[in-house]
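If you count the sequence shown from 1, position 23 lands on 32 in my numbering, and the numbers rise without skipping.
Where is the CB? At the ideal position from N, CA and C, for every residue including glycine.
Quick caveat: nothing in here was measured; it's all calculated off a predicted structure.
For reference, the structure discussed in these notes is given below.
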Amino acid sequence: MLGNFSYHTPTKLYFGAGSVDGLEEELSRYGKNVVLIYGGGSIKKNGIYDSVIERLEKSGKAVAEISGVMPNPTKDKLYEGLETARAHQADLLLAVGGGSVCDYAKALSVSVHCGEDPWEKYYVRFEEPDVPVVPVGCVLTMVGTGSEMNAGAVMTDTEHRQKLCHVFASSDVMPKFTVLDPTYTLTLPRYQMVSGIYDIFNHICEQYFSGTDDNTSDYISEGLMRSVIHSSRIAVADPQDYEARSNLMWTATWALNTLISRGKSGDWSVHMLGHAVGGYTGATHGMALAAVSLAYYRHILPYGLEKFKRFAVNVWDVDPAGKTEEQTALAGLSAMEHWMREIGVVMHLTDLGVTGEMLEGIADVAVPTPGGYKTLSRDEIITVLRESL
Ligand code: NZQ
Ligand code: ZN
10 MLGNFSYHTP TKLYFGAGSV DGLEEELSRY GKNVVLIYGG GSIKKNGIYD SVIERLEKSG
70 KAVAEISGVM PNPTKDKLYE GLETARAHQA DLLLAVGGGS VCDYAKALSV SVHCGEDPWE
130 KYYVRFEEPD VPVVPVGCVL TMVGTGSEMN AGAVMTDTEH RQKLCHVFAS SDVMPKFTVL
190 DPTYTLTLPR YQMVSGIYDI FNHICEQYFS GTDDNTSDYI SEGLMRSVIH SSRIAVADPQ
250 DYEARSNLMW TATWALNTLI SRGKSGDWSV HMLGHAVGGY TGATHGMALA AVSLAYYRHI
310 LPYGLEKFKR FAVNVWDVDP AGKTEEQTAL AGLSAMEHWM REIGVVMHLT DLGVTGEMLE
370 GIADVAVPTP GGYKTLSRDE IITVLRESL
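Encoded structure:
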């Protein structure tokens, strides 16, 4: 049965080559003071910075900048950006970059008018904002996280080696608009492209591998997964293929904008493990997920056998004839493993610098999730991590 839910998304999307033109209409809705937020400089090399600045100037905006937002943005960077956003009396935070930059802008948006320590409020006590939230707009340059159309903001506390995800309940935190131009993603290094592809796929898995009810969300998920698999093969063979890259961009947005989680439970254990690895080592998000996924799914398969069988047949075209349920389910995971190797994701934690001695420390910073078919105990977390080495 599909459970009860509400669904509201305030994010207006501008999709396609040249969609940065949508900025002009959007910018006219906000006050004069814009804080432009970006990462380590890729947007200056590929011309996206110039395109955005041109629109900001045309709209008569006063622009302050926060640059150098790192992958897996940190608490210290949040404090640093607060000073700029407050001094500039920001009317709009414009994030130009990947998930890290978009997440950072959202964390800043709830912090600018916060009278207390925002880290303590939002990432220690996990409270909701009770002050005005500064509007956020995004120009996406890296595909994968879905941050462009959700209320999640993942931040890292480097001191405690912990990566924390706050998915805000308030839709005020969602971007007001996002520009999705697939051509902006064509300069991504292959490693980042592939990492993003696996992130998309895993977001869908996290929402799919839970529950036994018959619901529309799982059918949508299967279609999205098939689309990711198909387009990823084309993009890996030819990263400049616009059709594949545009399909990946659109799939990423729908994979994590709450649509496919409506009316059902979820899992998020792979993200729990991947974030623990990321917090501990600074590893690239999608690659950390990839390294732990197969060990985790093989571990929980007996508890969700029916769904893993359905995954094998409906997503990977495994023929169940002559196979037991378990054989069919395992064949699905083998097909998934084959695809992961084919596109070139990281298959082992050791490739991310993790050693056996680190596993207890990684388990210490893992924030347990209820899980889909099985809530992992600490011993099971260690087991899955060890099998992922
Ligand atoms: O910093 P620059 O120089 O821009 O380089 C970036 C960065 O090094 C580069 N890049 C981005 N666009 C580019 C480009 N290089 C060339 N051409 C372009 N067009 O790519 C690198 C990675 O960027 P980043 O934003 O870190 O990647 P991603 O989009 O994967 O974001 C990862 C962050 O998002 C969080 C992750 O945990 C991680 O902190 N997530 C956010 C989620 C959400 N809001 O819902 C959900 C996800 O599961 C995830 O946890
Ligand atoms: Zn993710």
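For A94, the enclosing alpha helix (DSSP H) has its first and last residue at 84–96.
For the options S60, M349, V61, the alpha carbon positioned closest to that of W325 is the one of M349.
From the listed residues C174, G124, G106, the smallest Cα separation to A375 is found for C174. In this structure, L87 sits away from S109, with a CB-CB distance that is not shorter than 9 Å.
In the three-state reduction of the DSSP assignment, Q216 falls in the helix class. It is roughly 29 Å from the alpha-carbon of T262 to the alpha-carbon of L385. For secondary structure counted as the alpha helix (DSSP H) over 4 or more consecutive residues, the region 239–308 holds these complete runs in sequence order: 251–264, 278–290. With a threshold of 8 Å, the Cβ atom of N211 counts as near the ligand ZN, since some heavy atom of the ligand is closer than that. D388 and T378 have their C-alpha atoms some 15 Å from each other. Residue pairing by DSSP places Q201 in no beta bridge whatsoever.
Secondary structure at D166: strand, using DSSP grouped into helix, strand and coil. DSSP links H175 through a beta bridge to A162.
Rounded to the nearest whole angstrom, the C-alpha separation of K318 and S15 is 30 Å.
Residues L117, S120, V121, P127 of the same chain have their beta carbon placed closer than 8 Å to that of L91, with the five preceding and five following residues left out of the count. At least one heavy atom of the ligand ZN is found less than 8 Å from the C-beta of L298.
Taking a cut-off of 8 Å on C-beta distances, the region 253–273 does not touch the region 294–304, as fewer than three cross pairs fall below it. Inclusion of E315 and T221 in the CB contact set at 9 Å is warranted, their separation being smaller than that value. DSSP, read as helix, strand or coil, puts T192 in helix. Segment contact: the region 145–162 against the region 197–206, three or more CB-CB distances shorter than 8 Å; contact assigned.
Its chain contains G275, D276, W277, V279, H280 as the residues whose beta carbon lies nearer than 7 Å to that of E215, once the 5 sequence neighbours on both sides are disregarded; these appear in chain order.
For H294, the shortest C-beta to heavy atom distance toward the ligand NZQ is below 8 Å. In the three-state reduction of the DSSP assignment, K41 falls in the coil class, being assigned neither a helical nor a strand state. For V374, the enclosing alpha helix (DSSP H) starts and ends at 368–374.
Nearest to V188 by alpha-carbon distance, out of C111, S236, D247, is C111.
DSSP places K21 in the uninterrupted beta strand (DSSP E) bounded by 21–24.
Annotation: E136 is outside any alpha helix (DSSP H) and is labelled neither H nor E by DSSP.
Scanning Y47, V43, H357, L36 for the CA closest to the CA of A96 turns up V43.
With a cut-off of 8 Å, the C-beta of D208 is classified as near the ligand ZN, since at least one heavy atom of the ligand falls inside that distance. For L310, no pairing in a beta bridge is given by DSSP. C111 carries a helical assignment under DSSP once its states are collapsed to helix, strand and coil.
Under DSSP, Y47 takes part in a beta bridge, and its partners are V105. The shortest CA-to-CA distance from H212 to any of M183, S156, G288, A244 is the one to S156. Taking C-beta separations shorter than 6 Å and ignoring five residues to either side along the sequence, the partners of V245 in its chain run I352, following chain order. Going by C-alpha positions, A160 is about 32 Å away from M367.
The way I'd put it, the region 58–73 doesn't touch the region 220–238; fewer than three beta-carbon pairs between them come closer than 8 Å.
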